[in-house]
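Q: Here it is: the structure, laid out below.
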Amino acid sequence: MTERKTLVSLGDLNWDVLAKPDTMLLSGGDTTGRLELSGGGSAANLAVWARRCGFPSTFVGKIGRDRFGELATAELQAEGVQTELILSTEHPTGVVLALIDRRGQRAMLTGQGADWELLPDELPGVVLRGAGHLHLTAWSLFRDPPRAAALAAAMLSKSSRIGEGNATLSLDPGSFQMIQQMGRENFLDIVDRVPFDVLFPNDDEARAMSGCVHSGDALSWLRERYPHALVVLKMDADGALIEGPDQPRVAVAATPDSLTDATGAGDAFGGAFLAGWLTHRDAERAAQLAVEVGGWVVSRFGARPPADAELLTRLARHPLQGAVVEASL
19 MTERKTLVSL
29 GDLNWDVLAK
39 PDTMLLSGGD
49 TTGRLELSGG
59 GSAANLAVWA
69 RRCGFPSTFV
79 GKIGRDRFGE
89 LATAELQAEG
99 VQTELILSTE
109 HPTGVVLALI
119 DRRGQRAMLT
129 GQGADWELLP
139 DELPGVVLRG
149 AGHLHLTAWS
159 LFRDPPRAAA
169 LAAAMLSKSS
179 RIGEGNATLS
189 LDPGSFQMIQ
199 QMGRENFLDI
209 VDRVPFDVLF
219 PNDDEARAMS
229 GCVHSGDALS
239 WLRERYPHAL
249 VVLKMDADGA
259 LIEGPDQPRV
269 AVAATPDSLT
279 DATGAGDAFG
289 GAFLAGWLTH
299 RDAERAAQLA
309 VEVGGWVVSR
319 FGARPPADAE
329 LLTRLARHPL
339 QGAVVEASL
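Per this note's numbering, residue 19 is the first one in the sequence shown, and the count goes up by one each step.
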């Protein structure tokens with residue numbers, strides 16, 4: 019069997035602080051709630067979920083020489099993700115506060131750490147040139163650095179290699195609020211420089227990029243602007259809409275899971291989708307796996323909940339060679 023080239027996910031690895039208050043937070047007040055500390059970051063989460071679903075993955079990023087960085091790295095490696103890390107003595111590992119309301123929706127406060135300081139000359143060129151797929155998030159594009167490094171990584175992964183085709187590339191737009199703060203046209207000008215093959219917007223991000231009100235219209239706008247790309251529109255409880263050059267528009271229904279915490283669900287969806295799509299290139303089939311994984315994540319607390327028998331059952335319905343979840347049970 020032909021060896022599968024690694025999925026490389028580049029960008030943010032940080033330390034997550036998840037907080038779900040039991041009651042409304044009041045200025046000067048005090049309440050109880052649920053707290054959890056763990057490794058996080060959109061790019062790192064996606065690498066974990068691709069690996070859990072059976073696809074070899076490598077994370078590339080920059081962290082601080084500190085305890086949070088050590089803990090976050092150890093969690094990645096325990097998941098079977100290969101790491102190519104740049105260690106900084108000048109900048110700490112980033113910390114993200116996720117405030118989760120009683121409905122399970124989350125608001126994020128991102129502390130800009132070492133992951134925002136990645137430079138082009140720090141990139142592992144051999145790893146990027148040898149990748150079968152590169153995943154970027156717009157968190158690496160919103161400011162420079164690390165924008166120049168992300169764009170350089172895209173060019174390295176797309177460069178021709180003797181006897182092999184170019185790597186495919188995916189992009190997650192990251193944050194509708196950051197798109198709005200940057201300015202829609204400024205953001206689109208940067209995105210146009212990324213030679214992506216797959217785009218993973220959620221509904222809010224698709225509308226922020228397109229200026230359209232309705233999801234279907236936003237998908238049409240994205241397909242017209244990026245005719246070469248497969249667009250995978252994540253729609254939370256409404257599942258997903260997918261359309262691409264060789265993929266007619268199709269809706270994939272969500273699972274009936276109850277929402278506990280939406281943190282990391284989009285990353286889990288993306289990692290599962292890429293694990294499937296890179297294995298068999300069937301976008302609809304990959305999306306069916308992705309909604310199963312995303313539904314499991316939202317019904318639990320955190321971006322990388324411990325695997326259980328239910329997750330194993332779901333993955334067994336969409337078998338991919340090399341799934342590693344069973345070993346963690």
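Ideal Cβ positions, reconstructed from N, Cα and C, are used throughout, including at glycine.
Predicted model only: the values in this text are computed from it and were never measured.
I think residue 62 touches residue 30, with their Cβ atoms under 8 Å apart; what is that distance to the nearest whole Å?
A: 7 Å
Q: Is residue 23 helix, strand or coil when you go by DSSP?
A: coil
Q: Hey, is the region 73-82 in contact with the region 125-134, meaning 3+ C-beta pairs nearer than 8 Å?
A: yes
Q: So, with DSSP's three-state summary, where would you put residue 262?
A: strand
Q: Alpha carbon to alpha carbon, how far is residue 153 from residue 110?
A: 24 Å
Q: Less than 7 Å between the C-beta atoms of residue 311 and residue 272, yes or no?
A: no
Q: Where do the ends of the beta strand (DSSP E) carrying residue 172 lie?
A: Element bounds for residue 172: not the beta strand (DSSP E) but the alpha helix (DSSP H), 165-176.
Q: Do you know how far the Cα of residue 267 is from the Cα of residue 349?
A: Residue 349 lies beyond the range of the chain shown here (19 to 347); nothing can be said about it.
Q: What does the Cβ neighbour count give for residue 318, buried or exposed, with the cut at 16 atoms within 10 Å?
A: buried
Q: Answer yes or no: do residue 58 and residue 290 have a C-beta to C-beta separation smaller than 7 Å?
A: no
Q: Does the Cβ of residue 263 have 16 or more other Cβ atoms within 10 Å, making it buried, or fewer, making it exposed?
A: exposed
Q: So residue 377 and residue 49 are supposed to be a Cβ contact under 8 Å. How far apart are they, rounded?
A: Residue 377 lies beyond the residue range present for the chain, which begins at 19 and ends at 347; the question has no answer from this structure.
Q: Would you list the one or two residues that DSSP bridges to residue 54?
A: In the DSSP assignment, residue 54 is bridged to 36.
Q: Assign residue 173 to one of two classes, buried (16 or more other C-beta atoms within 10 Å of its C-beta) or exposed (fewer than that).
A: exposed
Q: Tell me, to the nearest whole angstrom, how far the beta carbon of residue 176 is from that of residue 189; I am working on the premise that it is less than 8 Å.
A: Residue 176 to residue 189, Cβ: 13 Å. No contact.
Q: Of the residues 32, 196, 53, which one's Cα is nearest the Cα of residue 84?
A: 32
Q: On the three-state DSSP scale, how would you describe residue 47?
A: Coil, per DSSP.
Q: Can you grab the Cα-Cα spacing for the pair residue 104 / residue 140, in whole Å?
A: About 7 Å.
Q: In this structure, how does DSSP classify residue 331 when only helix, strand and coil are distinguished?
A: helix
Q: If the criterion is Cβ atoms closer than 7 Å, does the pair residue 144 and residue 34 meet it?
A: Judged by their CB atoms, residue 144 and residue 34 are not nearer to each other than the 7 Å cut-off.
Q: Just to confirm, are residue 232 and residue 185 a CB contact at a threshold of 7 Å?
A: no
Q: Restricting to Cα atoms, I'd like to know which of 278, 283, 75, 281 is closest to residue 23.
A: 75
Q: Sort 254, 90, 241 by Cα distance to residue 101 and report the nearest one.
A: 90
Q: To the nearest angstrom, how far is the alpha carbon of residue 64 from that of residue 41?
A: Distance between the alpha carbons of residue 64 and residue 41: 31 Å.
Q: Can you tell which of 51, 28, 45 has the C-alpha that lies nearest to the C-alpha of residue 38?
A: A check of alpha carbon separations from residue 38 across 51, 28, 45 identifies 51 as the nearest.
Q: Contact check, residue 223 vs residue 191 under 8 Å by CB: the rounded distance?
A: 4 Å
Q: Between residue 27 and the rest of its own chain, which residues show a CB-CB distance below 6 Å, the 5 nearest in sequence each way excluded?
A: Hits under 6 Å: 61, 64, 65, 77, 153.
Q: With which residues is residue 124 paired in a DSSP beta bridge?
A: Looking at the DSSP assignment, residue 124 forms a beta bridge with 118.
Q: Within a Cβ cutoff of 6 Å, which residues of the same chain sit near residue 221, ignoring the five residues on either side of it in sequence?
A: The answer, listed in chain order, is 233, 253.
Q: Would you say residue 110 faces chain D, with C-beta separation under 7 Å as the test?
A: Although the question refers to chain D, the structure presented lacks it and comprises just one protein chain.
Q: Which whole-angstrom value describes the C-beta separation of residue 206 and residue 227, a residue pair presumed to lie in contact below a C-beta threshold of 8 Å?
A: 7 Å
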